[in-house]
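Numbering (the numbering used here), first residue to last: 3 to 179.
Here it is as structure tokens:
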């Protein structure tokens, strides 16, 4: 299957939310404990900017099969070269390579966004996501023990990261000069 992606449009938001909500019950992917509404995600959607922090969708069989978002990390100017990645795949389309495809595209595209550090925040018990990010060069940069409580169970949050080296100001190459 040939995979492609595009910038999400407002018309995609209902499917993006549907995919997100499908992960809530598993208690593996999100700290939300109840499904969210499309209305509640409008401002989040509008915070994404195709030039600096895109939100992408990959379509399969005329449906959004997966999505990936770049989000600001920590919201202060000194962190502008870092971005958090989130990847969500529709149930029924998992294990078809959509997450791998989107992650590969995000890594390749990061320098055009002036991003040289990519981060992921993943529950410690979400082994499939940790494995996915690990396969693409992300390593464990930290762990916040027992910071979430899901159905009475305390859960760890693992921080994974990866540098995307290029000649941007502030990169390791630049610092070595």
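Ideal Cβ positions, reconstructed from N, Cα and C, are used throughout, including at glycine.
On a predicted model such as this, the values are computed, not experimentally measured, just so you know.
Pick out whichever of the options has its Cα sitting closest to the Cα of residue i.
i, options, result
"residue 108", "9, 142 and 157", "9"
"residue 43", "14, 129 and 127", "14"
"residue 167", "114, 92, 136 and 128", "114"
"residue 5", "137, 68 and 122", "68"
"residue 71", "148, 91, 157 and 26", "91"
"residue 155", "112, 25, 33 and 3", "33"
"residue 139", "105, 93, 111 and 151", "105"
"residue 132", "74, 59 and 102", "102"
"residue 64", "7, 88, 135 and 134", "7"
"residue 93", "23, 76 and 11", "23"
"residue 134", "152, 148 and 88", "88"
Using 10 angstroms around the beta-carbon of residue i, count the other beta-carbons present and answer buried if the total reaches 16, otherwise exposed.
i, result
"residue 160", "buried"
"residue 56", "buried"
"residue 122", "buried"
"residue 124", "buried"
"residue 112", "buried"
"residue 58", "buried"
"residue 110", "exposed"
"residue 199", "Residue 199 lies beyond the range of the chain shown here (3 to 179); nothing can be said about it."
Note down, in chain order, each residue of its chain lying with its Cβ closer than 7 Å to the Cβ of residue i, except the 5 sequence neighbours on either side.
i, result
"residue 128", "30 and 31"
"residue 25", "31, 32 and 90"
"residue 11", "none"
Would you say residue i touches the ligand COA, meaning its beta carbon is less than 7 Å from a heavy atom?
i, result
"residue 6", "Of ligands this structure carries none, so the ligand COA is not represented either."
Excluding the 5 residues flanking residue i on each side, which residues of the same chain have their C-beta closer than 6 Å to its C-beta?
i, result
"residue 3", "none"
"residue 144", "161"
"residue 150", "33 and 157"
Near residue i, what residues of its chain come up, given a Cβ to Cβ distance below 8 Å and the 5 sequence neighbours on each side ignored?
i, result
"residue 141", "162, 163 and 164"
Would the segment 116-129 count as touching the segment 73-88 if we require 3 or more Cβ pairs under 8 Å? yes
Which runs of the beta strand (DSSP E), 3 residues or longer, sit entirely within the segment 47-75? 57-62 and 65-74
4 or more residues per run - each alpha helix (DSSP H) lying fully within the segment 69-112: List check, alpha helix (DSSP H) in window: 100-111.
Do the segment 94-104 and the segment 33-51 touch if we need at least three Cβ pairs shorter than 8 Å? Segments in contact, no.
Counting Cβ pairs closer than 8 Å, one from the segment 13-31 and one from the segment 42-57, do we hit at least three? A contact exists between the segment 13-31 and the segment 42-57.
Every unbroken beta strand (DSSP E) inside the segment 4-41 [3 residues or more]: none
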